[in-house]
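Worksheet: one structure, shown below.
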């Protein structure tokens, strides 16, 4: 069974992602201890909450350094979920301009309503249009609905990392990937069957 | 989204916020709705605030473990610390009603600490004899002197991510949502509005979407009739509304 570290930085619920990964056949453990990443084969950075506070918590515990060590230098397979995906960017305009992990060339910006039906935050199920052949979306139909809860999204300077888009507030990037690093703006752990499919795909990467 | 109201040890459903009937166990309901792949659950402990109790964190922990869909949890929330604990045991969002009126700063505190997407401000409103609407708190027992539309606007400005607007008179009647109320709130704010109170058939759901709500909460229709969330969504889909099937 794949040992997966779920990073706890004190802001959000981790039981559902832990339970979902266990249901998918992994052996997850929740940790806020940077040294615990040594025993992880894969790493999940979940998250709901405020960008600046999340980065502050990661820095305070030294988790940012450990993540860089294991994911960027060590090449461990990584999945950022929601805020966890956003933290992969250079920075965010949320709250005070905060710097992120800087793993992908992107900035986190606020969703802006484009039509009267667009409400922000974007809360609910919406379609994800993944690029053909994307490993994370193997056996998941184009346009499958996943569950979103967010007010910010990732604006990619590097188009090469875009894996999926979602037609809301115009359109935004709902999944990215670069080498061993992937991020999804939606919550697979709350997206029932297709969410589990995506997590299984991540386990098989 | 089905609404689960919790009182003492079981789920209940009333009419006009009174005459509560028991409708089964919370865990059972969560498991059933899981299988039926509903879009989201709302779980509210309706006596916690009036009994001056905290949210039942252990109960929510157990329920959330079985819940592979979003769950919004309310009842008894009085501080950002309560919210942190609820999110830590597995709630995806919290629902605040009385505290948002008695201590409006809590809305900002929660939004700043956890992001506004984690916060639903719930407003229970009643039509007044002299015209207009008034918001009530403490499970509909205490009038606030506040206009629900103004309260919704203030909650949005303070950091609410969604507004859940419930008509007290329509609650449990299955006679349809109070469309004037839903429409007034939906027009006044730009965050998503969840209509609640009165859904009795699929057409009622469509009507609330038509007047601007972004999501629909319902309870009696699922507790007391043969109608199901899945069929409801199919019905709305056939009418051209964007829903997840």
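Protein chains in written order, with the working numbering: chain Y, 913 to 1117; chain X, 6 to 250.
C-beta: ideal position from N, C-alpha, C; glycine also.
When only Cα atoms are considered, residue 935 of chain Y and residue 915 of chain Y end up about 13 Å apart. Proximity of chain X to residue 1104 of chain Y at the Cβ level (cut-off 9 Å) is accounted for by 39, 42, 73, 74, in chain order. Listed in chain order, the non-local C-beta contacts of residue 1009 of chain Y below 7 Å within the same chain comprise 1003, local neighbours out to five positions each way being set aside. Of all residues in the region 931-962 of chain Y, those with a C-beta nearer than 7 Å to a C-beta of chain X are 931, 932, 960, 961, 962, reading in chain order.
Every unbroken stretch of the beta strand (DSSP E) spanning 3 or more residues and falling wholly within the region 1061-1088 of chain Y is given here in chain order: 1064-1068, 1074-1078. Within the region 113-175 of chain X, the runs of beta strand (DSSP E) at least 3 residues long that lie entirely inside it are, in chain order, 124-132, 138-142, 167-172. Collapsing the DSSP output to three states places residue 1018 of chain Y in a strand.
Residue 1054 of chain Y and residue 220 of chain X have their C-alpha atoms some 24 Å from each other.
Membership of residue 998 of chain Y in the alpha helix (DSSP H) is indicated by the continuous run 995-998. With a threshold of 8 Å between beta carbons, residue 1053 of chain Y makes no contact with chain X. Listed as beta-bridge partners of residue 1038 of chain Y by DSSP are Y:1058. The beta carbon of residue 1080 of chain Y does not come within 8 Å of any beta carbon belonging to chain X, so the residue lies off that interface. Look at residue 240 of chain X: its C-beta is not under 8 Å from any C-beta on chain Y.
C-alpha of residue 1022 of chain Y to C-alpha of residue 1006 of chain Y: approximately 7 Å in a straight line. DSSP, read as helix, strand or coil, puts residue 15 of chain X in strand. For residue 1113 of chain Y, not one C-beta of chain X is nearer than 8 Å to its own C-beta.
Taking C-beta separations shorter than 7 Å and ignoring five residues to either side along the sequence, the partners of residue 12 of chain X in its chain run 25, 51, 52, following chain order. For residue 1031 of chain Y, the chain X residues whose C-beta falls within less than 7 Å of its own C-beta are 195, 196, 197, 219, listed in chain order.
Runs of the beta strand (DSSP E) lying entirely within the region 18-103 of chain X, each at least 3 residues long, are 23-29, 46-50, 76-79, 98-101 in chain order. Taking 8 Å as the upper bound for CB-CB distance, residue 70 of chain X and residue 931 of chain Y are in contact here, some 6 Å apart. Taking 8 Å as the CB threshold, residue 61 of chain X stays off the interface with chain Y. Taking every protein chain shown into account, the CB of residue 186 of chain X has 16 or more other CB atoms within 10 angstroms, so this residue is buried.
For residue 1094 of chain Y, DSSP records a beta bridge to Y:991, Y:1089. Residue-level contact check: residue 924 of chain Y touches chain X, since one or more beta carbons of chain X fall below 8 Å from its beta carbon. Around residue 1074 of chain Y, the same chain offers 1068, 1085, 1088 as residues with beta carbons nearer than 7 Å, after the five sequence neighbours per side are excluded.
For the region 1058-1074 of chain Y, the set of residues with a beta-carbon nearer than 7 Å to any beta-carbon of chain X comprises 1059, 1061, 1062, 1063, in chain order. Bounds of the beta strand (DSSP E) holding residue 940 of chain Y are 939-943.
The C-alpha of residue 135 of chain X is placed about 28 Å away from the C-alpha of residue 222 of chain X. Counting along the chain, residue 1109 of chain Y sits inside the alpha helix (DSSP H) bounded by residues 1104-1116.
Membership of residue 956 of chain Y in the beta strand (DSSP E) is indicated by the continuous run 954-957. Residue state for residue 199 of chain X is assigned as strand, using DSSP reduced to three classes.
Residue-level contact by beta carbon holds for residue 97 of chain X and chain Y, with a gap shorter than 8 Å. The beta carbons of residue 1000 of chain Y and residue 987 of chain Y sit about 15 Å from each other, so the pair does not count as a contact at 8 Å.
Around the beta carbon of residue 57 of chain X, fewer than 16 other beta carbons lie within 10 angstroms, which makes this residue exposed.
The Cβ-Cβ distance between residue 126 of chain X and residue 160 of chain X falls below 8 Å. Per DSSP, the continuous alpha helix (DSSP H) segment holding residue 226 of chain X begins and ends at 225-229.
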